[in-house]
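Numbering (the numbering used here), first residue to last: 194 to 1211.
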Amino acid sequence: MANGKNMDIRLNLSNAFLNKENLTGKQSAFGNSFHPAIVTLPALAAHIAEGKAFTLHAFKRNRRIGTEWVSSQLLALDLDDCPLSAVEIAALPDISQNSWLVYPSPSSTPEKPKTRVVFVLPDAVTEPKRWQALQLGLMAHFAHLNPDKACKDLARLFYGSTQPGHIVLGNVASWAWVSGLCAPLAAADYEKTLIRQQENRQVVTSGTRAEKYAQAAFNKAIAELAGAGAGERNATLFKVAVQLQSMALGNWPGIDSATVRSAIQSVYGGWENTAKSEKTMENGFKAASAKPLELPADQSKPTKTNQKERRLSPVTLPTFTADLTVNLRYITELRPGAYRGKPTLAIKSATDTGKTELLKKLLAVLAASATVLIITHRVSLVKGIVKRLGIQDYQDFSELEGKDKQLVRSVAQIVTTIDSLHLQAGRIFDYVIIDEAGQGLRHLIDGGTLGDRTIDIYDMGKQIIADAKHVWFLDAGMNDHDREWLKAVRGDVYAIENTHGPTRVDTVLLDSQDAAIQEAVEQVGAGQGVVLIPCATQRAARYIHKLLGQRYPDKKGRLISARNSNTTDTKAFVGKIGDTSALPADLDWLIYTHSMGTGVNIQSPVAAVIGIFGQPLAPADCMQMMARGRDSAKRFAYAPGAAGGGETDAAALLSDELLAAEESSYFGTLPPDASTKGAARLEAVYRAQRNREFVAYADYFAAYSEADGSRVVLGKRDVPSALKIDLKLIAEYESAQIKAWALDTINIPAVDNDMLEKLRRTGSEITDTLIAGNLRHKIQDTVGLQINEEIYTRYRTAEQRRQFIRFCSLFDEQTALEEIDRQQGVNRLPLHRRKHYSAGRALFMGILKRAFDVDTVEALKDILADMPADELTARVGFIGQQHSKQIRAVLGWREAVGSQLDNPIGLFRWICKRFKIVVAGRRTTRNGVKIWLYSLETTEFEREMINARARLAAQKVKREQQIYERNPLFNSTDTDFVEKCPTAKPIIILDVKPIKTGTGAAKFNPFNTRKTIEQGAA
């Protein structure tokens, strides 16, 4: 474990005690002689060895009570009833490897040894309940040593000892070790508390207003008592006893003395020293006096009769204009004459109507020498097609090197993914067939795995399709957007639609996600067969899998997500389904995300399909996941009413992207070429449709379900409180584990994105520890500092990191920002993925210059301090009136954010927030008039500035290293080169000095960017 010799600890120390003797003789010394201090660990060891007292905690002042508690970085064991000596305890493996100090108590004797063990955490814990959970876990782990249970008290003091035999082991316990001990016990303890609160509540939904008011007051008082901290329990117990007994004496409906006594006893029954708690309760009862119920004036609003009714509205699905419409159970029944002689076909036919068999029929009549390229967007689909059609898999050549790698171009008939199209670039095929064509096109223009190659692959794909003698597009969800794109590349397209669709059981659309999860729990418990549970997110899938595992330890389930979809075991499982179209007989549930692929068809009957949907999955994709189970006895789903509010006009989306690219071009970024614009045009069409579906998510889900043969009916179901508790505990436990592992820099290595993707591609399961290591890499790579608890909390989410990068762009060198934007142009990154750092900074700094006449962000702190709302409105009113287009294009503002063009302050605050700058408002009274005052949040700003300096210093190192690596002189093989050229190995110093902000930024006028330089700028 790490050595914390130079670590500073914040806690409270007392000089009023020598061993256990109170030198002052005053009882008050036990409460007010402990003064706040920050000491090194060696200094703390010396303080303890001098026999002076200390606390494990830091308090605000010198009062050792729970309400003054601030933080703690120490855990401890008080071992008065352990027969082992301090030396023997220090030799125990978990003690010797994880504790910091072992020392004998002042009253320890050889016959009756008494020992104290102190543990140091990597960072201070600032949540009292979390510290108590850690301490409880530690005590549970060492229960065989009989530790004193009072150690979990937030106000507990520890005496030092002048006895010889102090053993400084010097360890700092890792978060992984501590959380491993503590998390299960903490979860169980938390669950008991929540269940106790639920049991004590008198929840009713009917009755008179007086009854409801009385019961609400009772529930609130019990909840307050159950949530009281260790240092506050006695006072809270007395207060609640008085309050509830006064209600009972005042004859409040539903509350009597027996009910009060039972409810209070059930809460303190889990505390230490119940006898003392019993006495406190009785004293509270004696102090109570009758308090009649007085209802406040009824200010409730009239109840709307349809307030809780969920309704679906009709929507129009994307159209498909067909030249030939047929209604065939299997598309293979289509007469060859219907499509013979047609060089370009677009075939729309529902899932499980034989599209792949149609390809098999085509291949059977082609000559062996005929060249055929089948393109799909997922590796799992490649495997399925290879098995069913018996043609070559492009991956069979992936291990070849040198000239042998070119053999993949000599195969007549082959299946490939879009990501590997470059291996076939330049070839002219007799037939090019795109399976799942709609999704394939979306991947072609926005596939996350394509990265900087997106437009290059897009060009190659277009060229291969244009050059082929015949092209077939096949998809169950094809629409006119796909058809029009194909027509633009190939000319005339002959479109065939098979209107035959399956008939499925009704889908019950439940009113909440928890309701859908409860349905899954009950369906699995019924044991009527396999339950399929498609999920939109990995997180929901994991939580449900863990929940079912806890509820049914004797049953068997499987989870397939992006973390394990490429492992040998999962591939074998999916392959077996593909071969047999059936699930294993001993399987009780199968939970899967979109990563399971679209080629998996389960023909055998299943008990139920229960979908849990929402962001980031579009409603059309939900139906594909539901349709994996071809024959389900029951269908349930949850889909939110709305799951987004993006722009729904494709022309507006494209206009914004082109305008942003134009703004960046004034800073040296290459204007987008024709291919980049073409891809952007198609991407805007798809994104607009996706946004339309997200705005009315449940409506579109219902429409797609009806088109898939399943009528949607609305349903509700009760959700037990225990389910919510279980899900909350699972979420908190996973979050705590990820955090602990991310902070454990000793045992858990950082994992960069390339390594994580390589592990995934090579069949490794992506474990929680790998996810935590990757999260640490992302945070440290973003900030440029070693991770700690504060940095983790501040930059844990992707949006927090994006905002921080924008914040740093305000202080970075202008040339560096221009180089980033220029590289994105050179690499032809798709327009919707570009960041436009230069234009964004110029826009923001231009706003500050015009509104406040400042050239730096720091200067804003002094001006924007308690500024009245009317003055701020006058300063920033021009933004929405004159520059809404730039704000939309460069900063991504949308109407969905709020109607803020007419609210200048709201719009200005939103723009600042995009750069992680908080403008806070407060209401006050001046001259008898209530007004709003606005200020820049300086504490947050200064904290971000400290981290920004670290990031910019780290970025400077990276850039200099890149220059070094690109310069051939710096990679010379001349052994004397370093002596001849002292600059060959650049000396890089992390220079974290105050940043001179605004350098270069104020030169650019974002409101007339064609005149890029403003004369006289600093």
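The beta carbon of each residue, even a glycine, is placed where N, CA and C say it ideally should be.
{"Query": "Please work out which residues of its chain come closer than 7 Å, Cβ to Cβ, to Glu-982, disregarding the five sequence neighbours upstream and downstream, and give them in chain order.", "Result": "Asp-316, Leu-936"}
{"Query": "Measuring CA to CA, which of Asn-291, Gly-259, Lys-342 is closest to Cys-319?", "Result": "Checking the sequence, you will find Thr at residue 319 rather than Cys. Comparing Cα-Cα distances from Thr-319 to each of Asn-291, Gly-259, Lys-342, the minimum goes to Gly-259."}
{"Query": "How would you call Asp-892, buried or exposed, if buried means at least 16 neighbouring beta carbons within 10 angstroms?", "Result": "buried"}
{"Query": "How many angstroms separate the CA atom of Thr-1202 from the CA atom of Gln-1154?", "Result": "For Thr-1202, the pLDDT reaches just 32, beneath the cut-off of 50, and the residue's location in the model is therefore unreliable, leaving the point undetermined."}
{"Query": "Go ahead and label Asp-287 buried or exposed: buried means 16 or more other beta carbons lie within 10 angstroms of its beta carbon, across all protein chains shown.", "Result": "exposed"}
{"Query": "Are Asn-794 and Asp-947 close, meaning C-beta to C-beta below 9 Å?", "Result": "no"}
{"Query": "What span of residues does the beta strand (DSSP E) with Trp-665 cover, start to end?", "Result": "663–668"}
{"Query": "Ordered along the chain, which non-local residues of its own chain (more than five positions away) have a Cβ less than 6 Å from that of Val-435?", "Result": "Gly-477, Ala-480, Ala-481"}
{"Query": "On the three-state DSSP scale, how would you describe Cys-275?", "Result": "coil"}
{"Query": "Enumerate, from N- to C-terminal direction, the unbroken beta strand (DSSP E) stretches of 3 or more residues contained entirely within the region 206–271.", "Result": "228–233, 246–248, 250–252"}
{"Query": "Taking 8 Å as the cut-off, does the region 751–763 touch the region 827–846 (at least 3 CB pairs, one atom from each stretch)?", "Result": "no"}
{"Query": "Counting pairs of Cβ atoms below 8 Å between the region 264–284 and the region 300–312, do you hit three or more?", "Result": "yes"}
{"Query": "Would you mind listing the alpha helix (DSSP H) stretches within the region 747–817 that are 4+ residues and don't spill past its ends, in chain order?", "Result": "761–773"}
{"Query": "Report whether the distance from the Cβ of Ala-835 to the nearest heavy atom of the ligand GTP is below 8 Å.", "Result": "With respect to the ligand GTP, the structure offers nothing, as it holds no ligand at all."}
{"Query": "Roughly how many angstroms separate the alpha carbons of Ser-455 and Lys-322, rounded to a whole number?", "Result": "25 Å"}
{"Query": "Would you list the residues sitting across from Pro-139 in a DSSP beta bridge?", "Result": "Because the chain spans 194 through 1211 in this model, residue 139 falls outside it and cannot be assessed."}
{"Query": "Roughly how far, in whole angstroms, is the beta-carbon of Gln-711 from the beta-carbon of Val-976, given that I think they are within contact range, below 8 Å?", "Result": "Not really, about 41 Å apart at Cβ, beyond 8 Å."}
{"Query": "So, is Pro-1187 buried or exposed, given that buried needs 16 or more other C-beta atoms within 10 angstroms?", "Result": "Residue placement at Pro-1187 is flagged as unreliable, the pLDDT there being 36, under the threshold of 50; the coordinate-derived value follows with that caveat. By the 10 Å Cβ count, Pro-1187 comes out exposed."}
{"Query": "Mapping DSSP to helix, strand and coil, what is Met-200?", "Result": "coil"}
{"Query": "Count the CB pairs spanning the region 721–740 and the region 783–790 that are closer than 8 Å, and state whether there are at least three.", "Result": "yes"}
{"Query": "Answer yes if the region 1060–1073 comes into contact with the region 898–910, meaning at least three C-beta pairs across the two stretches below 8 Å, and no otherwise.", "Result": "no"}
{"Query": "Excluding sequence positions up to five away, which residues of its chain have a Cβ less than 6 Å from the Cβ of Gln-1214?", "Result": "This structure gives no information on residue 1214, because the portion of the chain shown stretches from 194 to 1211."}
{"Query": "Which residue from Ala-246, Leu-1057, Asn-225, Gln-599 puts its Cα closest to that of Thr-355?", "Result": "Ala-246"}
{"Query": "If you draw a straight line from the alpha carbon of Arg-1068 to that of Phe-1045, how long is it in whole angstroms?", "Result": "7 Å"}
{"Query": "Using a Cβ-Cβ cutoff of less than 6 Å, which residues in the same chain neighbour Arg-203 once the five nearest sequence positions on both sides are dropped?", "Result": "Ile-231, Ala-251"}
{"Query": "What is the DSSP secondary structure of Lys-1173, reduced to helix, strand or coil?", "Result": "Note on Lys-1173: pLDDT 35, under 50, position unreliable in the model; the coordinate value appears next. It is helical."}
{"Query": "Of the choices Arg-989, Glu-417, Leu-810, whose alpha-carbon is the least far from that of Phe-887?", "Result": "Leu-810"}
{"Query": "Specify whether the region 954–973 and the region 936–945 touch according to this definition: at least 3 beta carbon pairs, one from each stretch, less than 8 Å apart.", "Result": "yes"}
{"Query": "For Leu-527, which residues from the same chain have a beta carbon less than 8 Å from its beta carbon, with the 5 sequence-adjacent residues on both sides left out?", "Result": "Val-519, Leu-521, Leu-551, Ile-689, Asn-691"}
{"Query": "With distance defined between alpha-carbon atoms, name the residue in Ser-278, Gly-363, Thr-217 nearest to Leu-237.", "Result": "Gly-363"}
{"Query": "Report the rounded CA-to-CA distance for Leu-679 versus Gln-1016, giving the unit in angstroms.", "Result": "31 Å"}
{"Query": "Among Asn-212, Asn-1120, Ile-282, which one has its Cα closest to the Cα of Arg-335?", "Result": "The sequence shown places Phe at residue 335, not Arg. The shortest C-alpha separation from Phe-335 is found at Ile-282."}
{"Query": "Starting from Thr-537, trace the beta strand (DSSP E) in both directions and tell me its first and last residue.", "Result": "537–542"}
{"Query": "Anyone know if the C-beta pair for His-359 and Tyr-296 falls short of 9 Å?", "Result": "yes"}
{"Query": "How many Å lie between Trp-324 and Arg-989 at the Cα?", "Result": "21 Å"}
{"Query": "Can you round the beta-carbon distance between Ala-1032 and Ala-853 to whole angstroms, since I take them to be within the 8 Å contact cut?", "Result": "7 Å"}
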